[in-house]
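Student: Sharing a structure, written as structure tokens. Questions coming.
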């Protein structure tokens with residue numbers, strides 16, 4: 031079997047498919063189907079596109095209900111689970127805080143500005159069913175960014191398998207889902223990015239099945255007066271989080287691994303580590319002191 035690699039961009043990040051196959055046409059077809067599925071998720075849930083489901087929902091906030099399909103309902107249901115498990119830290123209505131904290135921010139926002147944004151946050155205010163959703167406050171916004179890429183990775187695994195791929199992996203901007211091991215049965219070697227040394231890895235993890243995701247605030251940040259602030263925002267305070275540098279988790283599904291790591295980083299470092307430990311999933315946490323902790327903590 032030959033290894034074929036296909037790279038593309040979707041959902042604002044570089045993506046890579048690594049598939050083994052005997053027939054080149056079958057692999058190329060699997061590539062096409064997976065890319066099309068990824069682009070479908072991007073078009074459907076991007077908050078930047080005028081005709082996306084997300085934009086339609088947000089545009090109707092405080093006005094009317096929006097019709098949704100079963101896939102969107104499933105995402106909303108999972109967001110509800112994450113909200114409950116995280117005690118409100120994982121809140122897909124918290125995107126309005128980007129009005130206070132973004133790449134154009136040059137000074138710390140005032141408490142009044144933050145409270146104005148926070149008044150439009152609150153997943154508990156949202157009502158939805160299998161067929162429709164309503165955001166009750168004008169200016170409220172949904173942002174599926176915390177779960178849709180991972181959800182898409184799982185969907186691409188199903189698409190690849192449906193198209194005959196038995197051995198391979200899917201990498202959507204660092205969210206990695208296994209189609210299967212390498213063709214000889216050996217695991218894939220996945221490098222975990224070093225949070226402070228560009229281009230370096232801090233650990234390597236072998237994986238043949240399931241999924242692995244990493245969350246961290248080291249690549250995307252806001253700098254104000256020489257101080258770096260995480261792009262991860264706490265919906266309860268309205269301020270950037272001050273947590274560990276990164277968290278990596280292995281789970282059966284990418285969407286589960288991704289939500290576990292996101293919730294860990296939305297908490298402070300101590301509570302985030304406790305959350306990872308309580309998840310009972312294999313994890314690697316990189317603390318602010320660059321300590322590697324967790325069941326996957328085997329450094330290079």
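Residue numbers (our numbering): 31 to 330.
Every residue, glycine too, gets a C-beta built ideally from N, C-alpha and C.
Pull up the DSSP beta-bridge partners for residue 43, would you.
Tutor: Residue 43 sits at position 13 when you count from the first residue of the chain shown. DSSP lists 40 as partners of residue 43.
Student: Out of 203, 297, 222, point me to the one whose CA is closest to residue 44's CA.
Tutor: The count along the chain shown starts at 1 and reaches residue 44 at position 14. The shortest Cα separation from residue 44 among 203, 297, 222 belongs to 203.
Student: Tell me which same chain residues have a C-beta within less than 6 Å of the C-beta of residue 327, skipping the five on either side of it?
Tutor: Walking along the chain shown from the start, residue 327 turns up at place 297. Within the same chain, residue 327 has close Cβ partners 314.
Student: I need the DSSP call for residue 34, collapsed to helix, strand or coil.
Tutor: Taking the first residue of the chain shown as position 1, residue 34 is located at position 4. It is a strand residue.
Student: Looking at residue 201: is its Cβ nearer than 8 Å to the Cβ of residue 63?
Tutor: Position 171 of the chain shown, counted from the first residue, corresponds to residue 201. Position 33 of the chain shown, counted from the first residue, corresponds to residue 63. No.
Student: Which residue's Cα is closest to the Cα of residue 323: 283, 286, 279?
Tutor: Position 293 of the chain shown, counted from the start, is the residue given in the question as residue 323. It is 279 whose Cα lies nearest to the Cα of residue 323.
Student: Which one of 318, 301, 262 has the shortest CA to CA distance from residue 176?
Tutor: One-based indexing of the chain shown puts residue 176 at position 146. Considering only alpha carbons, the answer is 262.
Student: What's the gap between the Cα of residue 153 and the Cα of residue 123?
Tutor: In the chain shown, residue 153 corresponds to position 123, counting from 1. In the chain shown, residue 123 corresponds to position 93, counting from 1. Going from the Cα of residue 153 to the Cα of residue 123 covers about 6 Å.
Student: My parser needs the alpha helix (DSSP H) runs of 4 or more residues fully inside the stretch 233-319; what are they?
Tutor: 284-296, 299-309
Student: Under 8 Å by Cβ, that's how I've got residue 241 and residue 283 pegged, so tell me the actual separation to the nearest angstrom.
Tutor: Stepping through the chain shown from its first residue, residue 241 is reached at position 211. Stepping through the chain shown from its first residue, residue 283 is reached at position 253. Confirmed, about 6 Å.
Student: If distances are taken between C-alpha atoms only, which option among 275, 169, 243, 292 comes closest to residue 317?
Tutor: As a first step, residue 317 must be located in the chain shown, where it is residue number 287. Of 275, 169, 243, 292, the residue nearest in Cα terms is 275.
Student: Just checking my contact of residue 65 with residue 74 at CB under 8 Å: how many whole Å lie between their CB atoms?
Tutor: Sequence index remark: in the chain shown, residue 65 carries index 35 (1-based). Sequence index remark: in the chain shown, residue 74 carries index 44 (1-based). Cβ atoms of residue 65 and residue 74 stay farther apart than 8 Å, at about 15 Å.
Student: Going along the chain, which residues of its own chain have a beta-carbon closer than 6 Å to the beta-carbon of residue 36, five neighbours each way excluded?
Tutor: One-based indexing of the chain shown puts residue 36 at position 6. These residues qualify, in order along the chain: 47, 61.
Student: Under a Cβ-count criterion, where at least 16 other Cβ atoms within 10 Å of its own Cβ denotes burial, should residue 268 be classed as buried or exposed?
Tutor: Counting from 1 along the chain shown, the entry for residue 268 is found at position 238. Classification for residue 268: buried.
Student: Would you list, in sequence order, the uninterrupted alpha helix (DSSP H) runs of no fewer than 4 residues that lie entirely inside the stretch 158-194?
Tutor: 178-192
Student: Cα separation between residue 162 and residue 97?
Tutor: Position 132 of the chain shown holds residue 162. Position 67 of the chain shown holds residue 97. Cα-Cα distance, rounded: 4 Å.
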